[in-house]
Structure formats: C-alpha cells, structure tokens
Amino acid sequence: MKTDSVFTSRILHVDLDAFYAAVEQNEQPEYAGKAVIIGAAPGKRGVVSACSYEARKFGIHSAMPVSIAKRLCPEAVFLPVRMKLYQEVSVKIMNIFNEFTPDICQISIDEAFLDMTGTDRLFGTIEETGMMIKKAVKDQTGLTISIGAAESRFLAKLASDFGKPDGLHIVKHGDELGFLDQLELKDIWGLGKKTMERLTDLNITTVKGLRDFNENSLKTIFGQSAGSFLFRACRGIDIGMYETAAKSNSISNETTFQEDVNDRDVLELVLLELSHHVMFRALKENKKSKSISLKLRFSDFTSTTAQKTFSHYIHSAEEIYSHSIELLNSRWNGSSTIRLIGTGLLSLEDGNKPEQTELFEDAFEKKKKVEKAVFKLKTQGEKITKASLLNNKIKPKKE
-8 MKTDSVFTSR ILHVDLDAFY AAVEQNEQPE YAGKAVIIGA APGKRGVVSA CSYEARKFGI
52 HSAMPVSIAK RLCPEAVFLP VRMKLYQEVS VKIMNIFNEF TPDICQISID EAFLDMTGTD
112 RLFGTIEETG MMIKKAVKDQ TGLTISIGAA ESRFLAKLAS DFGKPDGLHI VKHGDELGFL
172 DQLELKDIWG LGKKTMERLT DLNITTVKGL RDFNENSLKT IFGQSAGSFL FRACRGIDIG
232 MYETAAKSNS ISNETTFQED VNDRDVLELV LLELSHHVMF RALKENKKSK SISLKLRFSD
292 FTSTTAQKTF SHYIHSAEEI YSHSIELLNS RWNGSSTIRL IGTGLLSLED GNKPEQTELF
352 EDAFEKKKKV EKAVFKLKTQ GEKITKASLL NNKIKPKKE
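Take -8 as the starting number for the sequence shown in the working numbering and just add one per residue.
Quick look at the structure:
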C-alpha cells in the first residue's frame, strides 16, 4: 500500500455539503434538485439559515433576509430549521469518521478536522484515505462531503472549499505557497470585510503581495493580533485555529464568519446552533456545569469574553442559549461588527456527581431528564424531534 512519507502530518478538514438543505432533500426526495431554503418562513422577519446549491445559483446565501431570498427565487422551497434532525445526522457522520481516526475535532455541526497522521499504512495515501471516507459517508447516509487535506488545519480548511460539492483537494508538502497564491485575498479564512477594505486602500490585492510585508510592518498597520494573523496566513503558517482544549475543564464551540456580522438575528441563530452543539457534547462526555461563557472577536481582531455562574447546574441547550444571549447583550453594543462568536460551559464536573435535590422535582431536573432522553434516543439511531426551543426562538427573530 502506498504511503505519504513526505507528509509530516496528515490533517483533513471535512465539510458536509450544504448540510441542512442536503439533509432535507435526502429526507424528502421530492425536494431533490430544487432550490431549498432553511430558515424563517416567507413573510416573517428572519434570515436564511442555510440553502441548497440550487438556491445559491440565484445569489441566495446564509444570513440573507428571507424577504430578499424570496424575491430572488420565488419558486424556492422554504423549510423550518429542524436542529435535532441535523444533529442526529451529524452524530452518525462523526461516528463514521471515528472508524478512521479517534483524533477528531468537531468545530460545528457540519464540519470537523480529522488528524490522520500515522494512518497511511492502514488506509494508504491521503487521497486514498479521503476517497474512502467520502464513500463511507455516501454509502451510509446518502450525503456528500468535501475534504481538504494538508499539513495544517488552516490550509486544510482552505482546501476543502475547492471543488465543492463532493470535492477532495490536497495541498502537498512544498506546494503551500503555490496553493495560496491561486486564491483571492477574500478567500483567506478569517479575513473580514474591514480588513479587506484596509488592504485594498494599501493596494494589497493578492496573497503574494501581502507576503511582501514583514511581520513588524503588518503589526504597525493592523495592530498586534491582526498583523500577526496576516503575516502567518499568507505564508501558510498554522495560525493555531481551533486548538482543542481536550485537557481543559471546559466545552465550547465557536464560529468565525466569512464576513463580519452586526445583524442580531444572525448572531442569535448562530448562538442557538452553538448551544445545541455544546449541550450535546456535555451529554456525550457525561459532564455538567454551573458556568456559561461567551466569546466575541470584533472586526479589528480585538476580543472580549464574559461568563456567568449559577447556583444550579445547566441541563439544556435552551438554558445555554438564553444565558448566552444575556452575555451577548452585556458585551455587544449592537453596532460593532463581529467576526467570531462562541459559547461554552466552564468548570466541568462529573455528570454522575450527586446533586442537591428538593422534595419535589424542579424544572431543572425535568430539563436534565428530557435532554438525557433525547441524547439516548439519538445515539440509538431513533429519529425524534424536540422542537420546543426552535418554536420559541425562531419566530419573528431569526446557518
């Protein structure tokens, strides 16, 4: 079997193609090949959470107001978000990944990094490995995935955008700069709108042109954090993205927007998704917590965090979401543009640790039992829908 001896590490970034819409088309074959839009219903205030590739041909994209999406494609099929269904399918796919490597860093419901270093004797070259994973997902779920492969997470994530949907792109050892130079600056992950405008003002229009600036110059122009990021990104140096804190006593999830955001509907919808993901991980790892955290990074690369500790344990995604919104309100002025948002649980404790209980079961205990029941059914492969959170939150307001 061939091996990739030249690779010092083998990192895959796997992206589930148009995930929400693809799941709906897979569940409801009559929507296959049609423009499918997931989000608020037409006529209501809200944004597009996700859309199929057929819808994207009309210029529709996530975070777009539904009213505009309707004007662009009147014949589109509009469907509500079914988060529990998407999580169920996501779990199934992550379990498939686990058949290839235990070193998985899931960064959102529809993407993950797989560290395949040292597996070449098991699965062959990185290309052969990627094809095997793609086939396994297709055979077991009917869905397609796009994979980027490189020696770092940063480059692997950029590579996964090539050839979508159902793509596989490999950045070989020694080809890093050549790969970067074929990208437009706007394609560099993490570059926000304001940074792009500043680069344009400086007549920096290509990745290669950005490399003409040394690190000190970039730090002087853009500040310490942004300057360091730009220096490393245009050279393909790993920027430390999504460094998992497996050994830390916390569970968190975050999203970096392709374009800076200051739309509350978008931020609230993303927090809703992140809250579900964090709660699911806590149940999966049998952890519980009394503390919630929020992280924001603004367009100028400055960051702020907030946290809150409660007298009771947090047992539902609804609690994480509602308290994350409170923390968002305390740290965001409503006008500053945001490039990254994240939420999480801190100071984790063993999920089996006894809790002080009252004579009569309170609401928190009920929430815990419901969430655990949902998790148990989901991991057994049964299809369920627990829509109370979505029904409450995605109405006038509201990937």
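Ideal placement from N, C-alpha and C gives every residue a C-beta, glycine not left out.
Per the DSSP secondary-structure output, Leu3 pairs in a beta bridge with Leu105, Ala140. Bridge pairing for Phe289: Ile329 [DSSP]. DSSP places Gly169 in the helix class (H, G or I) of the three-state scheme.
Taking C-beta atoms under 8 Å as the contact rule, Ala150 and His4 qualify, at a distance of about 7 Å. In this structure, the alpha-carbon of Gly50 lies about 14 Å from that of Ser40. Contact between the segment 291 to 311 and the segment 247 to 254 is absent: fewer than three C-beta pairs spanning the two stretches fall below 8 Å. Counting only unbroken stretches of 3 or more residues, the beta strand (DSSP E) elements lying wholly within the segment 61 to 89 are 68 to 70, in sequence order.
The Cβ atoms of Thr246 and Ala217 lie no closer than 8 Å to each other. Counted as a single uninterrupted DSSP element, the alpha helix (DSSP H) harbouring Ile316 occupies residues 308 to 322. Non-local beta-carbon contacts of Leu70 in its own chain, meaning distances under 6 Å to residues more than five positions away in sequence, involve Glu15, Ile29 in chain order.
In the structure shown, Pro20 adopts helical secondary structure according to DSSP, grouped into three states. For Thr247, the enclosing beta strand (DSSP E) has its first and last residue at 241 to 252. Within the model, the alpha-carbon separation for Met85 versus Asp94 is close to 11 Å. Residue pairing by DSSP puts Gln298 in a beta bridge opposite Ser284.
Leu193 counts as exposed, since fewer than 16 other C-beta atoms from the protein chains shown sit within 10 angstroms of its C-beta. With a cutoff of 8 Å on beta-carbon distance, Ile305 and Ile283 are scored as near each other.
In this chain, the beta strand (DSSP E) harbouring Ile95 covers 95 to 99. Residue burial annotation: Phe301 is exposed, with fewer than 16 other C-beta atoms found within 10 angstroms of its C-beta.
Between the alpha carbons of Leu113 and Ile124 lies a distance of about 13 Å.
Ile242 sits close to Arg272, with the two beta carbons spaced by under 8 Å. Note that the C-beta distance between Gly335 and Asn244 is below 8 Å. Short of 7 Å from the beta carbon of Ser219, and not among the five residues preceding or following it, lie these beta carbons of its own chain, in chain order: Glu206, Lys210. Comparing alpha-carbon positions, the option among Ala12, Ile161, Gly158 lying closest to Leu76 turns out to be Ala12. Going by DSSP, Ala41 is part of the beta strand (DSSP E) stretching over 39 to 42.
Annotation: the continuous beta strand (DSSP E) that includes Val27 extends over 27 to 30. A direct Cα-to-Cα measurement between Arg226 and Ser290 gives close to 21 Å. Between Met270 and Ser307, the C-beta spacing is below 8 Å. Between the alpha carbons of Leu105 and Glu142 lies a gap of roughly 11 Å.
Distance between Asp152 and Glu175, taken at the CA atoms: about 13 Å. Collapsing the DSSP output to three states places Gly342 in coil. Cβ-Cβ separation between Ser43 and Val57: approximately 15 Å, too far for a contact (criterion under 8 Å). Distance between Leu262 and Asp256, taken at the CA atoms: about 10 Å. A Cβ-Cβ distance of about 26 Å is found for the pair Asp172 and Asp8, leaving them out of contact under the 8 Å criterion.
Look at Ile305 here: in three-state DSSP terms it is coil, with no helix or strand label.
A direct Cα-to-Cα measurement between Leu337 and Lys279 gives close to 9 Å.
Gly335 carries a strand assignment under DSSP once its states are collapsed to helix, strand and coil.
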